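Written out below as structure tokens is the structure these notes cover.
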Amino acid sequence: MESLYIVVFLWSLMMVPSIRGQVKNTHTLDIKMPGARPAYSDHYLCTTVPVNKGYVVGYKALAEASTAHHILLYACSLPYKYNGVWECGSICNGERGIMFAWAKNAPPLHLPEDVGYQLGDDVNVNYVVMQIHYAHAIAADEQADYSGIQLEISQQRQKYIAGIFLMMSMRSIPPNTPVVHLDVSCKFEGPSAIYPFGYRTHAHALSRVITGYQINDTWHEIGKGNPQWPQAFYPTKDKIVIKPGDKLAARCTYNSTGVGHTVYMGSTANDEMCNFYIMYYTDSTSGMTSGMCSRNNLPSLVKQIPADSDKSLPPNPVMDEIAKGHHHHHGMTGGHDHPSGGREGGTQLTPGPPASEDLTAMVPAPDWPEHDIIIGQVGGVATDKDGNLYVFHRGKRIWAGGSFNVVNRFLHQNDPIKDNTLVKMDRAGRVLRQWGAGQFYMPHGITVDSSGNIWLTDVALHQVFRYPPGSDKPDLVLGERFVPGHDDTHFCKPADVAVLSTGEFFVADGYCNARIIKYSKDGQFLNSWGSTSLGEPAQNDGYPPTNTFNIVHSITVAEEKNLLCASDRENGRIQCYDLEGNFQKQITSPRFGGQVFGVAYCPKEGGMLFAVNGQSPYHKPLANGERIKSQGFSIDLSSGEITGTWQPSNDKKEFSFPHTLAVYGEQEEVYVGEIGPNIVWKFIKASTLQNKHDKAGLGDHETMKKGGVHVHENEGHEESTVSGKPQPDEEEENSKASIIIGVLLIVPIALMIVITVLARLHSKGKLRCCAFGKGKKPVFNYFTSHKGFDPLSTEDSDHEVDPLNDSDGEDYSTTPKA
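Position 742 of the sequence shown, counted from 1, bears residue number 1951 in the numbering used here, the numbering being contiguous throughout.
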């Protein structure tokens, strides 16, 4: 876990190019749409906000990638229109320059100390025009859009001014070509030197990597970015000065395999783009605030571009998850009045840290699994009434930034997963059955109901399936194949299913639609509730209104309590409703860190919820400075109190990227599925493990095998193993055992040496004899005379130590994409 923490820490640093000093006289200005309604997908709309004199020192998006494909801010002397919303055929009537760009859920940006983007009459920047490329239409009966960018503005004069230099190509991309290069190059002819501190890449689904360089006899990399990750401004690789006369080059690399037509540069999600932005600071009096290079003006120079310019960046599941729209915006203010959508009644539970916790309440199960099991990314886990475990995984398929377009349509519809995607195991981890090859495209949720039916969700197909026990063909299919939607017959990336004993069931239509739907046992629509929390003002507790969601990722039913509870994933909370959809309570905690991925109910101990949180660069430390961990939580459902936390007891000491969990209620066994590495953990009550130890006669010092099924990355795909390499904690135990056995072997040898030496000394008359009884001859000659000395026991010691512990540790591979 330490390695992933370092990655997340570095990522958080990347989001802030440098640490600013305290800026005085700052205020915020929201550049927001005044209720826009795009009429179709890929609709470009603009609006204008007047600005006064000042310096922009920070930017924060008030938007989500599910709504806005990208946002551009233009600095204008005169706008095309002064108010309202218009189609962005024109931006400014006077001078204009790109001021800021945002896409794919990029986090806030703060400019370096003493740097600001200048506004006001002195530089002819009197208006900011915001352009939003909308992902999809907003119907008349849907909530209008109020997305935008929040500016942090200082009245304090800044030493340097900020600007953006854009490098872009307009060439086309040929079909079915695994590697395509589009190059841009030119000579920099600005009035004075510029000092790059940030860079940003922008392209669409086919792009794999974009790299930019400065050249003055030698090549200097400005930055390299994966356009499928959050399209933020990242810090430049080195401190670089671009002087007039220096040369600039950028290369965009694409893979058009499977695309049967030429792809052109254009404004829609089905087109492509090749943009490399350089954010810089320069002299406040003579420097320019914008520039552009749009062609390959120096083709002979580009022939010398470094060979690794098209080498992709290493996989990073955290970045992939954020780019897909899976991060939170706590406290985001909508700035407009509209109904929250919450239902009347209910109570809100917001417990603080519990007075006391047993951190060892749940522990990894020993010797689980017994055999190697091949799995890919773990979409979901479930248990049946007999305690068998079901794993729904993705084989060699990886959910990455290029899996879906901006309107949530899967891009590889002719390529089902060829591996078996379903594994059934008994409680010991022995495989009972595998199936599902060729049927699924992006597995996610799995549930097994009390009748043994298996319920599955596939986010690529946008469908929900029910499979009778033992069958490999569904008897119920809901949703239209590959077609996302928001009505009663369509889903958009459904995440999970929960089933009542009556056969009625609920679907978490979670990623795009932010709702929960209830169906009859034969699949007839009964009811739905929930709406997106995007744009909703934060309440007094810092969370959006109840009954709004930012990804309904997991649902579970406590039927005897008449409750359904849902993980509101990116809002970092659990919301519970009665079985008709009326809000009852929410459970929050700073320890969740802003994300709750999975939730499962167990009726034991009066009703327990088990939950897991996730890794996020947005996690803030607790009030005492403690870093937020990815871990499991035991929660009393009635009170909302966290009664225990738990995590793997291996060398990582915590989860890497937990995605899903399930509980076998009869024995309080919890299974947690991770993505990156792909692994399934089994946890049991500590008291259960202690009982096993006692029955087996094991002492407290015995090392137990830690259970987990995981996967290695190997040449671009995953292959499962269970490694026999000991982990550090096991090595420590083994070394202790080795020391003990070594001591036991050395002691008798040392005694023999001592005896031999003493015997020789005695034979030479150098030792006096000693008697053990009055008037008796000496029995041993190796001790000096000692009156009343008790004889040493000659009975053999029968203490045995197991010198070797065959516990199989887990050998984690490089983290794959989420």
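Glycine included, C-beta positions come from ideal geometry on N, C-alpha and C.
In this text the structure is predicted, and so the values were computed from the model without any measurement.
- Judged by their CB atoms, Gly1500 and Phe1397 are nearer to each other than the 9 Å cut-off.
- Residue nearest to Pro1867 within the set Tyr1873, Trp1855, Glu1875 and Glu1878 is Trp1855 (criterion: CA-CA distance).
- By the neighbour-count criterion, in which 16 or more other beta carbons inside 10 Å mark a residue as buried, Asn1791 falls on the exposed side.
- Residue nearest to Gly1688 within the set Pro1703, Ser1680, Gly1679 and Tyr1676 is Pro1703 (criterion: CA-CA distance).
- Per DSSP, the beta bridge partners of Ile1764 are Ala1775.
- Across the set Gly1816, Pro1321 and Leu1282, the C-alpha of Gly1816 shows the shortest separation from the C-alpha of Asp1845.
- Our two residues, Gln1795 and Gly1823, have alpha carbons roughly 19 Å apart in a direct line.
- Taken through DSSP and simplified to helix, strand or coil, Pro1573 comes out as strand.
- Residue pairing from DSSP places Leu1457 in a beta bridge opposite Cys1395 and Gln1423.
- Under the three-state reduction of DSSP, Lys1813 is assigned to helix.
- Cβ contact annotation for Gly1244 (same chain, cutoff 6 Å, sequence separation greater than five): Ala1353, in chain order.
- Per DSSP, reduced to three states, the secondary structure at Pro1508 is helical.
- For Gly1807 and Pro1383, the gap between their C-alpha atoms comes out near 42 Å.
- With 16 or more neighbouring CB atoms inside 10 Å of its own CB, Pro1625 falls in the buried class.
- The C-alpha of Met1474 is placed about 44 Å away from the C-alpha of Asn1736.
- Checking the DSSP bridge columns, you'll see Thr1462 partnered with His1390 and Val1418.
- Sequence-distant partners of Gly1329 (beyond 5 residues in either direction) whose C-beta falls short of 8 Å from its own C-beta, in its chain, are Val1260, Asn1261, Lys1262, Gly1263 and Asn1335.
- Contact between Pro1573 and Phe1309 is ruled out by a C-beta separation of about 47 Å, above the 8 Å threshold.
- Within the region 1319-1348, the runs of beta strand (DSSP E) at least 3 residues long that lie entirely inside it are, in chain order, 1324-1328 and 1336-1343.
- Here the region 1509-1522 makes contact with the region 1418-1428; the two share three or more CB pairs at distances below 8 Å.
- Within the same chain, Trp1220, Asn1435, Trp1438 and Pro1439 come within 8 Å of Met1528 by CB-CB distance, once the 5 residues on both sides are set aside.
- Annotated as distal: Thr1462 and Asp1426, with beta-carbon spacing of 9 Å or more.
- DSSP places Leu1743 in no beta strand (DSSP E); its state is neither H nor E.
- Taking C-beta atoms under 8 Å as the contact rule, Gly1589 and Arg1603 fail to qualify, at a distance of about 11 Å.
- Between Asp1718 and Val1761 a beta carbon distance of about 7 Å is seen, short of the 8 Å cut, so the two are scored as contacting.
- By DSSP's assignment, Met1488 forms a beta bridge with Ile1373 and Gly1407.
- Residue range Glu1878 to Glu1883 is occupied by the beta strand (DSSP E) that includes Glu1878.
- If the five residues before and after Gln1643 are omitted, its C-beta is found closer than 8 Å to the C-beta atoms of Asn1629, Leu1631, Val1632 and Lys1633, all from its own chain and listed in chain order.
- Where Val1632 is concerned, the enclosing beta strand (DSSP E) starts and stops at Leu1631 to Met1634.
- Taken through DSSP and simplified to helix, strand or coil, Asp1251 comes out as coil.
- By the CB criterion at 9 Å, Gly1849 and Leu1870 fall outside the cutoff.
- Here Leu1510 is buried: its Cβ has 16 or more other Cβ atoms, across all protein chains shown, within 10 Å.
- Inclusion of His1653 and Asp1667 in the CB contact set at 9 Å is warranted, their separation being smaller than that value.
- In this structure, the beta-carbon distance from Leu1254 to Trp1295 falls below 9 Å.
- According to the DSSP secondary-structure assignment, His1236 is paired through a beta bridge with Ile1362.
- If you draw a straight line from the Cα of Phe1758 to the Cα of Tyr1810, it comes to about 20 Å.
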